[in-house]
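Single-structure report; data block below.
In the numbering used here, the protein residues as written are 50 to 171.
Pasting the structure below:
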């Protein structure tokens with residue numbers, strides 16, 4: 050039953066992990082394909098950037114990075130026609146907006162300086 054489906058997960062997962070470790074991902078894909086098993090491979094970032102389906106669906110976007118120039122990054126793996134998503138800029142660097150956010154939350158510059166001195170924030 051669907052309810053009992055996960056009853057033996059604790060015992061089954063290590064057995065499957067050991068078995069799957071005996072072959073490469075590509076070898077398992079060939080076996081699954083031959084046996085008509087439904088599967089989905091987990092792709093590396095390089096594979097995603099070269100995946101024909103990801104490219105056709107415009108899941109890869111180009112943005113201007115302040116340090117590296119024009120770079121490719123993953124966009125959105127879905128499309129909402131009435132509320133389209135878009136990547137407007139690169140992901141922030143660690144701490145890039147910390148001061149701005151803390152000021153909006155009511156912290157003073159003295160508070161922020163103290164947090165930096167205490168290594169609480171970058």
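Glycine included, C-beta positions come from ideal geometry on N, C-alpha and C. All of these numbers come straight from a predicted model, not from anything done at the bench.
TODO: Look at the alpha carbon of residue 162 and the alpha carbon of residue 117, and state the distance between them as a whole number of angstroms.
DONE: Cα-Cα distance, rounded: 30 Å.
- [ ] Output the boundary residues of the alpha helix (DSSP H) element that contains residue 154.
- [x] Here residue 154 belongs to no alpha helix (DSSP H), and DSSP marks it neither H nor E.
- [ ] Look at residue 97 and residue 136 and say whether their C-beta atoms are less than 9 Å apart.
- [x] Cβ distance not < 9 Å, so residue 97 and residue 136 don't count as in contact.
Task: Where the alpha helix (DSSP H) through residue 58 begins and ends - done: Its alpha helix (DSSP H) spans residues 58-69.
- [ ] Report the residue ranges of all beta strand (DSSP E) runs contained in full by the stretch 85-153; include only those spanning at least 3 residues, in chain order.
- [x] Complete beta strand (DSSP E) runs here, min 3: 109-114 and 118-123.
Open item on the list: Could you tell me the alpha carbon to alpha carbon distance between residue 69 and residue 123, rounded to whole angstroms?
Closed with: Residue 69 and residue 123: Cα-Cα distance of roughly 28 Å.
Open item on the list: Check this for me: beta carbons of residue 109 and residue 139, under 9 Å apart or not?
Closed with: In this structure, the beta-carbon distance from residue 109 to residue 139 does not fall below 9 Å.
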